[in-house]
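> Residue numbers (the numbering used here), protein chains in the order written: chain A, 67 to 184; chain B, 192 to 1079. Virtual Cβ for every residue (Gly too), placed ideally from N, Cα, C. Only a predicted model underlies this, so the values are computations on that prediction, with no experimental measurement involved. Just passing along the structure, written as structure tokens.
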């Protein structure tokens, strides 16, 4: 069954990881707020199933880019908080620059420089 | 995935559940706050989140080593399946244990005996030197000292060349406790240099100690050192009384040192000296075997070429010598080949046989699994259709076979270690290096590899079967037909299980034929008349120390005295002393029969001779054919020389015997002792002096007084159990000479058994393997037929309903079983035709392609196969068509 889930997951994986890390730059947050933060920050363009966020969080924690702790939420309940680790901060820089290269590459293809039009 | 998490998965899973639950509660709470009714709020949260279980599973899976995880699942699944069907699991595991255990045991024997290099330095360069006479079809004869020394002085191919006395010398160790007869070896002083070994204590022989006047020194085994000298580190320089002479102990050899043969406790130098023979014989008797180390650049062929030149020169220089006879050539072989030469074919044959058994066992288990897998194919197809990966299904089946193989392997190792401790106790095997047999790391590695290979081998068939892609077909078939996977045809038009049966039958036929050939040989061998009555005959070896028994008279008197004392013991019917017992042929000598064309000494034929006390023939039960036995008067000093010959001797020189000129009354001379004109006074029946497997040869007997040997055997005919008399006889020996030990106390039956023991064991082992193979093959045939009948119940019922008679059904099913069996029989016969040739050396008076055996085994097998298919066939014939049609 794992294989079925892969295709979209793979495409989104790197991006989602980067977005999660970016969200946590501002400070520790729990899963629910990360999900909404990403959704809000992207002006609701990125509509993902919030559930798919959790495997990503898990993976990031496993790689040591984020760490988790149990804290108390705004509605006074026990919640799992995630925070960025120094390694995660470095990774974010790497991913951001990779992303920017990718975006600039793609946009050059989509909008060629004016001088090149015949 | 981290390993830590793998083992804390339950906790992790619970944490992620709580984490997700928090999301839900918060999201639902937010929705309610936005004004949704609670039910709708939960619904919206669900939509937003996606499949909750699915997400949790995904995280759970991230925590596991996927392969490990599923393999573990598969193993558990396999164990569960086995628990549901313990009979199947037990059969399979036992079958495999038998196969793997047998292979493990034999591999460890082969490793210890054939593969483990000798413990000498660079053992591959060591050679062994002796003589062959292709003209007389005699191999591996010994050399004389003169011959050896000439070779040694001239040969350039060796870094070192030495010699040893071919037969073990029985050495009496006395002083400081009971006198003890130990095995002694006489070797060249440089023997350790050639072998590249060091004593663990003290020094080796010096070259001057080899010279006739060299001081008496000895090296001892570490076993004797510990037993007799309490492991004294100061043993070097101590004196031991060997053969009543003081010897200085100069060194101790490493444990397990088995040069030139196993079990030696004392090494002396001066290899041509032989305490079993009086010194006057030494120059004439060929008693030495050479050994040496080839120079690094010299090949065996080059060294052979050089030696053959030297040998020709020797013949030219000494035409009169016994070892200069026409036809004699030097024989040089690698030491390691000679040492295992006689067991190598037997071991490989047995190894091949257990290999076959394992293959047959694999085929059986594969067949069982195949049957199961086919009946599960609908389940598998369904799972595949629902998205199970094909590899996953194959893995599951393979896991099952691996579990079986590992269980079989584990049990097999237990079986092997048990049987190895039994093998080590069987002296008859006569294995060089038997002490080194053990289940060491390499053997265990072999077993593990074998188990895995086995598991893959028999797991592959069912896996291939179910991993076929035509799922739709399987699913479309009705419930009854769903298991008809086996109806797929392979080569020869047989199902896969049918092919397995073909293979099993072929292999079992080969084993059976081999076993029957060996059994036939053994029966023929045992029905050979040894020439005497072996029952109720006690034998023992008495080696008189040359130092105290230095004259023929003393030796003769000792044995006369002993025989006289033993004869009158209660329970004794007769006693006699003899130079060597039957099967131990010791000495040959030239004979020169008067009235025959005169021959040069080196052209004279050389035959076995024995020196005996008067009652020997009566005691042994050797029939006297003509003339008379020796009397006490013949055995007294100064009596005219007389001999008794055997019938082969008579036929050799008087071809018309028993008619024509009567050999009794003729005269002959004997080479070694230059006895001229001894009268032949009697003819006795032939005795197989070299063992039952060898034809009786011409032989003659002289009175004990003419050749009083230093070492002789006492033979005692008893009324009842011979071994009960051994102490009484030992007491008589001690009564004559307190320091005289007795060794090798055995019944004559045991002596004979020792010569056939290896054959018996080989036969029993191969017989057991063949029997197991036959049983497995029968079970295999039965299984295939029974299964196919069960699968075809409906079809057979319909045939019956449409008018087929019981006989028709019976024939149909029997035919189905006989097909693969017959093909297997044909292939097996063909294989046996090629393979039994390798065991020709093990056979006795039976051809390796004995037609009776081949046909008999084929018929037997066909009969057994018929029987095995008959049971399910009859069940098929009795199918009630109405019942089938109702149920179907």
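Going along the segment 995-1022 of chain B in order, which residues come within less than 7 Å of chain A, judged by CB to CB distance?
Taking 7 Å as the Cβ-Cβ cut-off against chain A, none of the residues of the segment 995-1022 of chain B qualify.
> Work out the CA separation of residue 1034/B and residue 958/B for me, nearest whole Å.
Residue numbering aside, residue 958/B sits at position 767 when the second chain is read from its first letter. Residue numbering aside, residue 1034/B sits at position 843 when the second chain is read from its first letter. For residue 958/B and residue 1034/B, the distance between alpha carbons rounds to 14 Å.
> For chain A, find out if any of its Cβ atoms is closer than 8 Å to the Cβ of residue 222/B; answer yes or no.
Taking the second chain and counting its residues from 1, one reaches residue 222/B at position 31. No, residue 222/B lies away from the interface with chain A (no Cβ there is under 8 Å from its Cβ).
> Round the Cβ separation of residue 890/B and residue 798/B to the nearest angstrom and send it over; I've been treating them as touching at under 8 Å.
The count along the second chain starts at 1 and reaches residue 890/B at position 699. The count along the second chain starts at 1 and reaches residue 798/B at position 607. Indeed, because the Cβ distance is near 6 Å, the residues count as touching under 8 Å.
> For chain A, is any of its Cβ atoms less than 8 Å away from the one on residue 275/B?
Here residue 275/B is taken as the residue at index 84 of the second chain, counted from 1. Taking Cβ atoms only, chain A never reaches closer than 8 Å to residue 275/B, which makes this a no.
> Taking Cβ positions only, does residue 132/A come closer than 8 Å to chain B?
What you label residue 132/A is simply residue 66 of the first chain in a count that begins at 1. With 8 Å as the cut-off, residue 132/A does not count as an interface residue toward chain B.
> At a CB distance below 8 Å, what residues from the segment 214-244 of chain B approach chain A? Give them in sequence order.
Hits within the stretch, in order: 214, 216, 217, 218, 220, 239, 240, 241, 242 and 243.
> What's the call for residue 142/A, buried or exposed, on a 16-neighbour Cβ count within 10 Å?
Against the first chain, residue 142/A aligns to sequence position 76. So residue 142/A counts as exposed.
> Identify the continuous beta strand (DSSP E) that holds residue 150/A and give its terminal residues.
As a first step, residue 150/A is located in the first chain; it is residue number 84 there, counting from the start. The continuous beta strand (DSSP E) containing residue 150/A extends over residues 144-150.
> Assuming residue 732/B and residue 934/B make a contact with CB atoms under 8 Å, what is their CB distance in whole Å?
Here the question's residue 732/B lines up with position 541 in the second chain. Here the question's residue 934/B lines up with position 743 in the second chain. That pair is a contact at about 5 Å.
> Given a cut-off of 8 Å, decide if residue 908/B and residue 728/B are closer than it, judged by their beta-carbon atoms.
Residue numbering aside, residue 728/B sits at position 537 when the second chain is read from its first letter. Residue numbering aside, residue 908/B sits at position 717 when the second chain is read from its first letter. Going by C-beta atoms, residue 728/B is nearer than 8 Å to residue 908/B.
> Output the distance between the C-alpha atoms of residue 458/B and residue 832/B, rounded to the nearest integer angstrom.
Sequence index remark: in the second chain, residue 458/B carries index 267 (1-based). Sequence index remark: in the second chain, residue 832/B carries index 641 (1-based). So the alpha carbons of these two residues sit roughly 38 Å apart.
> Run through the segment 552-578 of chain B for me and flag every whole beta strand (DSSP E) of 3 or more residues, listed as ranges in chain order.
none
> Can you tell me which residues form a DSSP beta bridge with residue 906/B?
The count along the second chain starts at 1 and reaches residue 906/B at position 715. Answer is 730/B and 767/B.
> If we call anything under 8 Å between Cβ atoms a contact, is residue 638/B one with residue 603/B?
As a position in the second chain, residue 638/B is number 447, starting the count at 1. As a position in the second chain, residue 603/B is number 412, starting the count at 1. Yes, Cβ-Cβ distance for residue 638/B and residue 603/B is below 8 Å.
> Shortest alpha-carbon distance to residue 518/B belongs to which of 376/B, 276/B, 325/B and 748/B?
Residue 518/B sits at position 327 when you count from the first residue of the second chain. Of 376/B, 276/B, 325/B and 748/B, the residue nearest in Cα terms is 325/B.
> Would you kindly check if the distance between the Cβ of residue 140/A and the Cβ of residue 134/A is under 8 Å?
Residue numbering aside, residue 134/A sits at position 68 when the first chain is read from its first letter. Residue numbering aside, residue 140/A sits at position 74 when the first chain is read from its first letter. Result no, Cβ atoms of residue 134/A and residue 140/A do not sit closer than 8 Å.
> Give the C-beta separation of residue 964/B and residue 551/B to the nearest angstrom, bearing in mind that I take them to be a contact with Cβ-Cβ under 8 Å.
Position 773 of the second chain, counted from the start, is the residue given in the question as residue 964/B. Position 360 of the second chain, counted from the start, is the residue given in the question as residue 551/B. The pair is a contact, with the Cβ atoms about 5 Å apart (cut-off 8 Å).
> Using the C-alpha atoms, what's the distance from residue 597/B back to residue 145/A?
As a position in the first chain, residue 145/A is number 79, starting the count at 1. As a position in the second chain, residue 597/B is number 406, starting the count at 1. Their backbone Cα atoms lie some 48 Å apart in a straight line.
> Is there a Cβ of chain B sitting closer than 8 Å to that of residue 83/A, yes or no?
Within the first chain, numbered from 1, the residue matching residue 83/A stands at position 17. By this cut-off, residue 83/A is not an interface position.
> Can you list, in chain order, the residues of its chain with a C-beta nearer than 8 Å to that of residue 227/B? Leave out the 5 residues immediately preceding and following it.
Numbered from 1 along the second chain, position 36 holds the residue referred to as residue 227/B. 235, listed in sequence order.
> Rounded to the nearest angstrom, what separates residue 237/B and residue 81/A at their Cα positions?
By 1-based counting over the second chain, the position of residue 237/B is 46. By 1-based counting over the first chain, the position of residue 81/A is 15. Each residue's alpha carbon lies about 24 Å from the other.
> Hey, could you find the ends of the beta strand (DSSP E) residue 858/B is sitting in?
Counting from one through the second chain, the residue named residue 858/B turns up at place 667. Per DSSP, residue 858/B belongs to the beta strand (DSSP E) from 858-861.
> Check for me: the alpha helix (DSSP H) holding residue 840/B runs from which residue to which?
As a position in the second chain, residue 840/B is number 649, starting the count at 1. Its alpha helix (DSSP H) spans residues 838-844.
> From the beta carbon of residue 125/A, is the nearest beta carbon of chain B less than 8 Å away?
For this step, residue 125/A is matched to residue 59 along the first chain. Yes, residue 125/A lies at the interface with chain B (some Cβ there is under 8 Å from its Cβ).
> For the beta strand (DSSP E) containing residue 966/B, name the first residue and the last one.
Counting from one through the second chain, the residue named residue 966/B turns up at place 775. Note, residue 966/B: premise wrong, no beta strand (DSSP E); alpha helix (DSSP H) at 939-982.
> Quick one: list the residues of chain B neighbouring residue 154/A, beta-carbon separation under 8 Å, in chain order.
For the purposes of this step, residue 154/A is taken as the residue at position 88 of the first chain. None at all; the shortest Cβ gap to chain B is about 17 Å.
> Quick one: which chain A residues come within Cβ less than 8 Å of residue 136/B?
This structure gives no information on residue 136/B, because the portion of chain B shown stretches from 192 to 1079.
> Write down every uninterrupted run of the beta strand (DSSP E) in the segment 288-327 of chain B whose length is 3 residues or greater and which is fully enclosed by it, in chain order.
The DSSP assignment places 317-324 as complete runs of the beta strand (DSSP E) inside the segment 288-327 of chain B, in order along the chain (cut-off: 3 residues).
> Do you know offhand how far residue 294/B's Cα is from residue 695/B's?
Counting from 1 along the second chain, the entry for residue 294/B is found at position 103. Counting from 1 along the second chain, the entry for residue 695/B is found at position 504. Spanning the two alpha carbons is a distance of roughly 17 Å.
> For residue 1015/B, which option in 567/B, 1052/B and 818/B has the closest C-alpha, if you only look at C-alpha atoms?
Numbered from its first residue, the second chain carries residue 1015/B at position 824. Of 567/B, 1052/B and 818/B, the residue nearest in Cα terms is 1052/B.
> Whose CA, out of 851/B, 291/B, 512/B and 1040/B, lies closest to the CA of residue 553/B?
As a first step, residue 553/B must be located in the second chain, where it is residue number 362. Nearest of 851/B, 291/B, 512/B and 1040/B to residue 553/B, Cα basis: 291/B.
> Taking the straight line between their C-alpha atoms, what separation do you get for residue 671/B and residue 564/B?
For the purposes of this step, residue 671/B is taken as the residue at position 480 of the second chain. For the purposes of this step, residue 564/B is taken as the residue at position 373 of the second chain. Interpretation of residue 671/B is limited by its pLDDT of 43, a score under 50 that renders its predicted location unreliable; the figure taken from the coordinates is listed afterwards. Residue 671/B and residue 564/B: Cα-Cα distance of roughly 15 Å.
> Could you work out which residues of chain A lie near residue 207/B, taking near to mean beta carbons separated by less than 8 Å?
Within the second chain, the letter at position 16 stands for residue 207/B. The contacting residues are 120 and 124.
> Fully enclosed by the segment 413-439 of chain B, which beta strand (DSSP E) runs are 3 residues long or longer?
430-433
> Output needed for residue 654/B: all residues of its chain with C-beta closer than 7 Å, excluding positions within five of it in sequence on either side, in chain order.
Stepping through the second chain from its first residue, residue 654/B is reached at position 463. For residue 654/B, the CB contacts under 7 Å within the same chain, skipping 5 residues up- and downstream, are 585, 588 and 589 in chain order.
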